[in-house]
Amino acid sequence: MKVGSMKNRNNVLLVLCILFCFYFYVAISDGTGGGQEECLNAATCGDCLQKNPMCAWCETNDYSDTGKSRCDTEDNLLTLGCLNYTMPLTEIIKLEDEELSDAEGHNEAIQVQPQRVSLKIRSGDTHTLRMKVRQAEDYPVDLYYVMDLSRSMQDDLEKLKVLGKIIAEEMGTITSNFRLGFGVFVDKTVLPYISTVPRKINEPCPGCEAPYSFRNVLPLDNRTDLFAKKVNQTKISGNLDTPEGSLDALMQATVCKGEIGWRERARHLIVYTSDASFHIAGDGRLGGIVTPSDGKCHLNVDGEYDDAHLYDYPSIGQLNAKMRENNIIPIFAVVESKHDLYQNLTELIEGSNVGTLLRDSSNIVDIIKNNYEKITQRVQIVDTAPAGLDLSYSSRCAEGGEFEDGNTCTGLRLGETVEFDVAITARDCLGGSKNTSFEIQPIGFEEALTVEVEVICECDCEEVAIEGDDVCTFGNGSLICGECMCKDGRYGKKCECSGDVIGNEEDENESGCRPANATHVCFGRGECVCGECVCNTRPDPREVISGTYCECDNFSCARYKGELCGGPERGDCVCDTKTRQSACKCRAGFQGLACDCPTRQDSCRANNGLICNALGNCTCGECRCDPNSRFQGARCDECATCSEDQCFFHQACLQCKAFNAGRLTKEQCDMCLIEIQEVETLPYVENSKNCSFVDDTDNCSINFAYQTSDDRQKITIFYEKIPICARSMTGSLIEGQNLLILIGGIVLSIVLIGVVLALIYRLWTYIQDRKEYAQWVKDQQDANWEKEQNPIYKSNISTFKNPMYNK
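Per this note's numbering, the sequence shown starts with residue 35, numbered consecutively.
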């Protein structure tokens, strides 16, 4: 009984859940099925298919007579009564899907499944394709050995002469179907790459062979003894500069498929050995070579690249593209000093690997074996999808594991199967060419998955025109996909209107449905019926398209918090008569593009009544506080650096109300929600706080106290009537005027004392001078001067007498 009761109860709950979901669906869809907005503006069936993968086109003849859109979601069309509609779906057909297998007898191995598929996909839709990859055991291998034969590689060549047989034996342990080839390179045979002195051209170094760009010494062959023989016959050559013509050699070894002997169903490996760097695209200009590499085979009958002097070195990107096209995997075996250079090169060439080569190449066998194991342990897929198709990958690298994002699997063993999910998205109609094909291929594999793609951009009904007098007004048009396509000179839903069209100019009737510079008639949201727009009807009757040209509606205005115009309490979506566009008409108390900005400032009012505490601006109901003010917060009334009291907070309102001063304007002062009381001295009041501030006008200190009511809704401020600077000297205070007299008296006394001291000093010096002068006079009078003859004095007067005078 308990079990049965429980089952019945579960059944009842299940039924209730189903009914709830049904009514919820009906409520939110309003019977329309929640149509896609982008489906509703399509003009033709083809346009409808390209709008959205969920769009369908109604082919019923008179469906659009009521203004309903022919293009809508499938659910909406069924809900609105359309039973004949077209909605092509994405589908995929496997054209070739052979199971994965190893090579058996004359049957070749199959490593990719499926091999070819056909995909029909809607524009904008995504389809996921699953492919499997397995590296077959005992798979054929073609290994082509490309060697730098500049003089510095002399000992490497000698070592290779005895390693050819060992290479074949080691590869024989991996596959029974193995072929080996040999090619050598030096550089371009022009200055400055080689010396063009006549004797140096033929013998660049003692015992050396004349230089060359690239030479195919031995095409791929399963006779390993022939490999050793060809290596023994090879001589070293030489060049001038350090970089070699490596990229020329790799390009020719890649693209000369017939000359090298690459097989269609085999793993293609190039083992490259060198002890130097390489020339890149653009270096050819040093030798006067400006023609870019054409990426084609130029080997002559002797297997030499004799056009190297005509073409520049290939670029790394060009070489990578050709190796990818021909499924070549390079292994770079280089000396330790060049390892980093070639490691960087492997990041630019897909699937490549690098190994460190000893000076005499004695470890080349180990490098080949180890890197071949790396190659077989890794599967990476790439594609050649054209623009317009987006591909993304996820991989499952272990059986029973989960799919993870990425196009690479590592750590595999031969015979293990990996799976890739390829999500293919058609962005558009491929530039008008709706049919294309591309390949998805594991790097280094000859096999690939070919995907033939058809992007569905048109409806099948567009190719069928139905004629009949009763369909499109007496044969004035043809019925295509349920709509009349009118003949020249006729228009309207049923081709019921007439008008002449001269050249590319519309007649006056249809031009009345198209505003200046508009692309579509009636903005693509209505029909031009004899010169007037008849706007489409929306599935939701509450949504209305309006305007002379159907340019407006009441559902495409800006939204705020998911609500059109912020919701009905904030505004309505109407047609703006000036711009002739849909716009929000905000209700009182709101503004903004989506009526998202309240005009009321109640939310910005601080508890003192001031908007943003008069220290900021109220914008859309939020305060933008002055960044230089110490008051911040939602209402600019929070001070992180102030003490717990609010003295400074109430100071501005007290200054303006009591003294008509301060930073507040008259309008702001009127907002102050405080009561003020003038007192002689501050009383003790419960729940109050004593404060003071200095008035900026007269530097007088004013004492006040504020009191907050128990409900914190009322603030009362008590302030002292007389500022500190204006009180009398009664008791311990000094009046301002007496204070000035006292200060003046002190200053005057100091000045008088200084003058008196100066006069006393001057009188004392005068008396001293008088005494000294009197003493000097007395000494002058007491002096006694005697006349004495200086014994050494001789007069300077000489007297001569003439004896003959008076005779």
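In this text, a Cβ means the ideal position worked out from N, Cα and C, and glycines have one as well.
Quick check: what's the CA-CA separation for residue i versus residue j?
{"i": "D172", "j": "C331", "result": "31 Å"}
{"i": "S832", "j": "I826", "result": "17 Å"}
{"i": "K521", "j": "N75", "result": "23 Å"}
{"i": "I402", "j": "V305", "result": "7 Å"}
{"i": "E293", "j": "L375", "result": "30 Å"}
{"i": "M705", "j": "F738", "result": "20 Å"}
{"i": "G765", "j": "N724", "result": "Its pLDDT being 43, under 50, G765 is placed unreliably in this model, and the coordinates cannot settle the point."}
{"i": "C646", "j": "V728", "result": "24 Å"}
{"i": "L767", "j": "F682", "result": "Confidence at L767 is low in this model, with a pLDDT of 44, below 50, so the placement of that residue is unreliable and no value is reported for it."}
{"i": "K527", "j": "I490", "result": "26 Å"}
{"i": "N360", "j": "I500", "result": "52 Å"}
{"i": "V535", "j": "S545", "result": "The predicted model places V535 with a pLDDT of 41, which falls under 50 and marks its position as unreliable, so this point remains unresolved."}
{"i": "N118", "j": "E597", "result": "35 Å"}
{"i": "L776", "j": "L649", "result": "44 Å"}
{"i": "A367", "j": "I398", "result": "7 Å"}
{"i": "K154", "j": "S471", "result": "11 Å"}
{"i": "Y347", "j": "F248", "result": "12 Å"}
{"i": "E796", "j": "D816", "result": "Residue 796 is actually Arg in this sequence, not Glu. Rounded to the nearest angstrom, the two C-alpha atoms are 31 Å apart."}
{"i": "D455", "j": "N551", "result": "47 Å"}
{"i": "D121", "j": "E93", "result": "Residue identity check: residue 121 is Met in the sequence provided, not Asp. Spanning the two alpha carbons is a distance of roughly 11 Å."}
{"i": "R393", "j": "G321", "result": "31 Å"}
{"i": "F589", "j": "K468", "result": "35 Å"}
{"i": "V578", "j": "V608", "result": "10 Å"}
Is it right to say residue i is buried, meaning 16 or more other beta carbons lie within 10 angstroms of its own, or is it exposed?
{"i": "R461", "result": "exposed"}
{"i": "S637", "result": "exposed"}
{"i": "W296", "result": "buried"}
{"i": "V265", "result": "buried"}
{"i": "T223", "result": "buried"}
{"i": "N256", "result": "exposed"}
{"i": "L129", "result": "exposed"}
{"i": "E278", "result": "buried"}
{"i": "E132", "result": "exposed"}
{"i": "E497", "result": "exposed"}
{"i": "D610", "result": "exposed"}
{"i": "G605", "result": "buried"}
{"i": "Q802", "result": "exposed"}
{"i": "I365", "result": "buried"}
{"i": "R634", "result": "exposed"}
{"i": "Q286", "result": "buried"}
{"i": "V713", "result": "exposed"}
Does residue i come out as helix, strand or coil in the three-state DSSP assignment?
{"i": "G198", "result": "helix"}
{"i": "K330", "result": "coil"}
{"i": "C431", "result": "coil"}
{"i": "A460", "result": "strand"}
{"i": "M838", "result": "coil"}
{"i": "D136", "result": "coil"}
{"i": "V146", "result": "strand"}
{"i": "C618", "result": "strand"}
{"i": "S783", "result": "helix"}
{"i": "F437", "result": "coil"}
{"i": "I126", "result": "strand"}
{"i": "H684", "result": "helix"}
{"i": "F693", "result": "helix"}
{"i": "L111", "result": "helix"}
{"i": "G650", "result": "strand"}
{"i": "Y227", "result": "coil"}
{"i": "G788", "result": "helix"}
{"i": "K166", "result": "strand"}
{"i": "I708", "result": "coil"}
{"i": "T799", "result": "helix"}
{"i": "R524", "result": "strand"}
{"i": "R447", "result": "coil"}
**OP:** May I have a chain-ordered list of the beta strand (DSSP E) segments no shorter than 3 residues that lie completely inside the segment 283–315?
**Re:** 301–308
**OP:** Pick out the complete alpha helix (DSSP H) segments inside the segment 242–288, 4 residues or longer, and give them in chain order.
**Re:** 258–267
Subject >> the segment 468–483 in contact with the segment 194–205 per 3-pair CB rule at 8 Å >> reply: no
Original post:
Enumerated in chain order, which unbroken segments of the beta strand (DSSP E) with a length of 3 residues or greater are wholly contained in the segment 542–590?
Top reply: 560–563, 566–569
**OP:** List in chain order: all unbroken alpha helix (DSSP H) runs of 4+ residues lying wholly within the segment 391–426.
**Re:** 398–410
**OP:** Counting only runs of 4+ residues fully inside the segment 345–387, write out the alpha helix (DSSP H) ranges in chain order.
**Re:** 350–359, 373–380
Subject >> At least three beta-carbon pairs within less than 8 Å, the segment 407–425 to the segment 216–233 >> reply: no
Original post:
Does the segment 262–276 come within contact of the segment 140–149, defined as at least 3 CB pairs closer than 8 Å?
Top reply: no
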